[in-house]
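Q:
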Amino acid sequence: MKIKVATYNIHKGVNYRSKPRVVALKQAISAFDADLIFLQEVQGQHDRIAARFGEEHHGHRHWPQSSQHEFFAGESHQSVYGLNAQYDHGHHGNALLSRFPIAKWTNTDVSDHAYEARGILHSIVETPQGTIHCYVIHLGLFERSRVRQAEALIEAVNSSAPNNEPVIIAGDFNDWRNTLSAKLRKALGVVEVFDEVGSGSSLGDLVRTLARRQASIRPARTFPSALPFFRLDRIYVRGFKVESAEVLHGPMWAKLSDHAPLVATLKLS
1 MKIKVATYNI HKGVNYRSKP RVVALKQAIS AFDADLIFLQ EVQGQHDRIA ARFGEEHHGH
61 RHWPQSSQHE FFAGESHQSV YGLNAQYDHG HHGNALLSRF PIAKWTNTDV SDHAYEARGI
121 LHSIVETPQG TIHCYVIHLG LFERSRVRQA EALIEAVNSS APNNEPVIIA GDFNDWRNTL
181 SAKLRKALGV VEVFDEVGSG SSLGDLVRTL ARRQASIRPA RTFPSALPFF RLDRIYVRGF
241 KVESAEVLHG PMWAKLSDHA PLVATLKLS
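For what it's worth, the UniProt record's numbering labels the leading residue of the sequence shown as 1, then goes sequentially.
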């Protein structure tokens with residue numbers, strides 16, 4: 001069974017000028033045509049923006065009446081939302097959209113300090129070929145925080161998805177130096193999708209073979225979306241064959257969020 005997955009940090013549904021991009025984001029997310037969509041910085045509620053842009057003008061509404069994850073899910077997907085950061089006028093967190101039934105979900109607080117609220121959203125998804133454990137993650141800006149949060153992620157996966165059950169972990173890892181991948185591979189038996197697809201160049205593989213060097217393991221560049229340079233976003237999998245992986249970037253994506261989305265096609269082993 002093939003499954004298409006995507007991960008996207010949507011910057012709370014607003015651009016750098018705090019103008020709402022939620023309607024355009026819904027169209028873009030629908031264009032993924034993905035079965036499982038892992039979202040970060042999802043605005044569950046924002047009273048100030050809702051008051052300003054929530055009214056209908058000329059037949060258009062620029063801010064949905066429902067929560068963003070419900071709006072994005074529409075009728076084609078189920079959605080769950082893990083609230084991480086709460087403030088006077090609203091809250092935001094991670095979300096999962098799924099074409100498959102979501103049997104159960106939990107959100108675990110892994111905040112490392114008072115200034116960054118972070119969580120692990122774990123969902124048990126029931127597919128025609130069995131259960132898949134999905135973890136939506138958004139790690140902290142500081143490396144020490146990320147290390148501790150990665151340890152919490154390892155503990156969460158080992159305790160909730162034992163016996164090598166199929167796992168997808170996706171989100172914004174903020175791991176721009178790629179210091180966490182080796183630890184996650186060793187502790188969880190996962191691979192990152194771009195590790196598997198590599199450069200896609202047979203000539204490059206031949207040159208590396210002749211030089212007796214392994215292909216470099218580097219996640220995709222996703223930030224900033226206008227001209228991606230930093231490697232912040234990841235899709236780690238266990239129990240799948242990776243058939244394809246790509247970064248979606250360019251002028252259109254630069255208008256929607258500061259991160260570029262990742263999309264991958266997986267085959268359940």
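The beta carbon of each residue, even a glycine, is placed where N, CA and C say it ideally should be. Here the structure is a predicted model, which means the values were calculated and not measured.
Under 8 Å: do the region 173-193 and the region 150-161 share three or more Cβ pairs, one atom per stretch?
A: They touch, by the three-pair rule.
Q: Using 8 Å as the threshold, is the C-beta distance between Leu-266 and Ile-3 below it?
A: A contact, by the Cβ cut-off of 8 Å.
Q: Ignore the nearest five residues each way along the sequence and tell me which others in Glu-126's own chain have a CB closer than 7 Å to its CB.
A: Closer than 7 Å at Cβ, skipping near neighbours: Phe-100, Pro-101, Ala-103.
Q: Residues in the same chain with beta-carbon distance under 7 Å from Val-110, minus the five sequence neighbours each way, listed in chain order, please.
A: Taken in chain order, the residues that qualify are Arg-118, Gly-119, Ile-120, Gln-149, Ala-152.
Q: Mind checking Ser-79: buried by the 16 CB within 10 Å criterion, or exposed?
A: Buried, since its Cβ has 16 or more Cβ neighbours within 10 Å.
Q: Could you compute how far the alpha carbon of Leu-234 sits from the alpha carbon of Leu-141?
A: Per the sequence shown, the amino acid found at residue 234 is Arg instead of Leu. Each residue's alpha carbon lies about 15 Å from the other.
Q: On the CB-based measure, 16 or more other CB atoms within 10 Å of its CB, does Gly-74 come out buried or exposed?
A: Classification for Gly-74: exposed.
Q: Note down, in chain order, each residue of its chain lying with its Cβ closer than 6 Å to the Cβ of His-69, except the 5 sequence neighbours on either side.
A: Contacts found: Val-42, Ser-79, Tyr-81, Ala-95.
Q: State yes or no: is the C-beta of Ile-168 within less than 8 Å of the C-beta of Val-5?
A: Contact: yes.
Q: Once the 5 residues before and after Val-244 are set aside, which same chain residues still bring their CB inside 6 Å of it?
A: Position check: residue 244 holds Ser in this sequence, whereas Val was assumed. These residues qualify, in order along the chain: Thr-265.
Q: Does the beta carbon of Phe-72 sit closer than 8 Å to a beta carbon anywhere in chain B?
A: This model lacks chain B altogether; it includes just one protein chain.
Q: Phe-38: which of Asn-164, Ser-123, Thr-131 sits nearest, CA to CA?
A: Phe-38 has its Cα closest to that of Ser-123, out of Asn-164, Ser-123, Thr-131.
Q: Quick one: using the 10 Å Cβ neighbour count with 16 as the cut-off for buried, is Gly-130 buried or exposed?
A: By the 10 Å Cβ count, Gly-130 comes out exposed.
Q: Run through the DSSP bridge pairs and tell me what Phe-38 is partnered with.
A: The partner list for Phe-38 (beta bridge, DSSP) reads Thr-7, Leu-96.
Q: Do Leu-180 and Arg-144 come within 8 Å of each other at the CB atom, strictly closer than that value?
A: Contact: no.
Q: Considering only C-alpha positions, which residue in the set Pro-228, Ser-257, Asn-163, Trp-253 is nearest to Arg-238?
A: Of the candidates Pro-228, Ser-257, Asn-163, Trp-253, the one whose C-alpha sits nearest the C-alpha of Arg-238 is Asn-163.
Q: Between the alpha carbons of Val-191 and His-133, how many angstroms are there, rounded?
A: Computed Cα separation, rounded: 15 Å.
Q: Can you list, in chain order, the residues of its chain with a C-beta nearer than 6 Å to that of Phe-32? Leave out the 5 residues immediately preceding and following it.
A: Once the five neighbours on either side are set aside, the close Cβ partners of Phe-32 are Ala-6, Val-263.
Q: With a threshold of 16 other CB atoms inside 10 Å of the CB of Lys-19, please say whether the residue is buried or exposed.
A: Burial call: exposed.
Q: Measuring only the C-alpha atoms, how far is Gln-27 from Asn-9?
A: Using only the alpha carbons, I get a separation of about 15 Å.
Q: Quick one, which of His-77, Trp-253, Leu-25, Lys-12 has its alpha-carbon nearest Gly-90's?
A: Of the candidates His-77, Trp-253, Leu-25, Lys-12, the one whose C-alpha sits nearest the C-alpha of Gly-90 is Lys-12.
Q: Quick one: complete beta strand (DSSP E) runs, 3+ long, within the region 143-181?
A: 167-172, all fully within the region 143-181.
Q: Spatial neighbours of Phe-230 within its chain, please: CB distance less than 6 Å, with the 5 preceding and 5 following residues excluded, ordered by chain position.
A: So the qualifying residues of the chain are Trp-176, Phe-223.
Q: Go ahead and pull the three-state DSSP assignment for Ser-199.
A: Note that Ser-199 scores 45 on pLDDT, short of 50, meaning its location in the model is unreliable; the coordinates nonetheless yield the value given after this. In this structure, Ser-199 counts as coil in the three-state DSSP scheme.
Q: Work out the CA separation of Glu-196 and Ser-30 for me, nearest whole Å.
A: The straight-line gap from Cα to Cα measures roughly 26 Å.
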